[in-house]
Structures are given as C-alpha cells and as structure tokens.
Amino acid sequence: MKTLAVDTSTMMATCAVLDEDYLLGEFSLNQDMSHSENLIPMIKEVLDNLKLKPKDIDLYGVAIGPGSFTGLRIGVATVKSFAHVFDKPIIGVSTLEALAYNLPYNGIVVPMIDARRNRVYTGIYKWNQDKIINIMRPTIMEIEDLLDILKTHEDIMVNGNGIHLYRDKIINTLGEKVKLSPIGLNECKASSVGELARIKYSEGIRDNYYTLAPDYLRESQAQRELRKKEG
C-alpha cells in the first residue's frame, strides 16, 4: 500500500511517500510559510522522482494541526482534493502526535509548537512498546504553565519549533530532567504523518474527505471578529 503524506502545520512544508514498511521519498522545505506556492510542486517532484502518478497512491495522510491556520488550510485542502479526485481513503493525523512519533524514547515526549503570545500548542506522549500513547491531550497553554507541569516528571524529551523560542527557559526550569531533540527530529516530518496514517488505517479508522477539517485548538482572528459582530 502506497501512502502519500503531507504536513504544512508550521513553516516546514513536508511530503513523503511510503510503501508498506519502506520510506520511498521525503521532501521538506522550511521557507517562510510559502506553502501555497511550494506544496503542489513538492508533491509532483517526489512522485516524479519515484515514477509514480497520484492515481498510484492508495492512502493519503495529512497533519490536521494544531499549527498555522493558513498552513493547515492549504495542506488539508490539497490532500482532500487528491483523495476526492482519485477516490482514495484519507486519514487526518495530529501534528503533535506526529512530532512525538519522531522520537522513540523511554521517558515522555513533549512536542511544542509556537502559538504566539508566550504560548505553545503541546501534549505529552509516552511510548508503550511500539505504540505511542497520549497522556496529556493536545492543548494550548502558556509556556510557564507547561513547565510547571513538567517539573513533576523525570526524563523528558522535547521537540518542535517552540524549543527554539523557549530553549533557555526550558533548560533553566527543568535542568537535567530535559533533553532537547536532535535537529533532524525537531521539525515536522511527513514520514511520521504517513506512518501514523497507515497505523490508523490498519485499525479501521477512516476520515471523510468532505468533512475532515483542521484542528486549530483555538479560533482564528477571522472567527473571533465574526463572533464579536454576532454579539
């Protein structure tokens, strides 16, 4: 089963093609949120290099957030279009779960995505043999509140773009309890999205390409303004 996966939750646009237990190709580009310009050419380049056509894909996986509202809309809409046109199954995957999946680790894994205003999108994950388990559901919180929670844990691995912003604060607060992800595992990887999509598909999980939507975890500016107008 060939799986095409996409993640545009952050500044990193990434797509990958997997076939059963093999990663056939992956392309990642960290370039100022220009996903609307780069995503389709990126997908085309990966498929062309593998001598594949979109109709050859059996399953589509896409990161549904949280993350950049604009980036998520672009990625989800693009993958939904492919799944619809070629009538193939689609699976939405949490960006935080996919980030945590980058890091098989004996302790807890804590992805952090910048949510601005001193806040991060985050969750807490733990590996149980070959499965990753969510032990604190995805949420948005101030970095200080998250660090207060993490003080009660030992053996912590963190990743995501939030650690670039809050590196000193994380290290000063958690000290030797915390390890920072290696650079290559710190950003979103479409291969992790694809692998999780395959696992969910094997468990009988399916999403509907008509109704699958980004999981923003908070309202967009446009939604807030509309709600104010409506009273």
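In the working numbering, the protein residues as written are 498 to 728. By construction, the Cβ of each residue, glycine as well, lies at the ideal position given by its N, Cα and C atoms.
At the C-beta level, residue 656 and residue 609 come within 9 Å of one another. Residue 594 and residue 646 do not touch by the CB rule: their CB atoms are close to 18 Å apart, not below 8 Å. Runs of alpha helix (DSSP H) with 4 or more residues, each lying fully within the segment 622-676, are found at 640-647, 659-671, listed in chain order. Beta-bridge partners of residue 504 (DSSP): 511.
A distance below 9 Å separates the beta carbons of residue 704 and residue 588. Across the set 562, 537, 585, the C-alpha of 562 shows the shortest separation from the C-alpha of residue 636. Shown here, residue 561 sits in coil according to DSSP, grouped into three states, outside any helix or strand.
Judged by DSSP in its simplified three-state form, residue 551 adopts helix. Checking the DSSP bridge columns, you'll see residue 577 has no partner listed. When rounded, the separation of the alpha-carbon atoms in residue 688 and residue 515 is 7 Å.
The three-state reading of DSSP puts residue 541 in helix, counting H, G and I together. Of 621, 649, 702, 603, the smallest CA-CA separation from residue 627 is found for 603. For secondary structure counted as the alpha helix (DSSP H) over 4 or more consecutive residues, the segment 678-708 holds these complete runs in sequence order: 687-699. When secondary structure is reduced to three states using DSSP, residue 616 falls in the strand class.
For residue 569, the secondary structure class from DSSP, reduced to helix, strand or coil, is helix. Checking the DSSP bridge columns, you'll see residue 527 partnered with 509. About 37 Å separates the Cβ atoms of residue 558 and residue 672, ruling out a contact at the 8 Å cut-off. The beta-carbon separation of residue 663 and residue 586, rounded to 38 Å, does not stay under the 8 Å limit for a contact. The alpha carbon of residue 665 has as its nearest neighbour, out of 501, 644, 536, 560, the alpha carbon of 644. Ranked by Cα distance from residue 513, the first of 525, 706, 596 is 525. Under the DSSP assignment, residue 604 falls outside any beta strand (DSSP E); it carries neither an H nor an E label.
In the assembly as shown, residue 541 is an exposed residue. Its beta-carbon has fewer than 16 other beta-carbons within 10 Å.
In this structure, the beta-carbon distance from residue 632 to residue 659 does not fall below 9 Å. A Cβ-Cβ distance of about 6 Å is found for the pair residue 592 and residue 685, placing them in contact under the 8 Å criterion. The criterion of a C-beta distance shorter than 9 Å is satisfied by residue 510 and residue 535.
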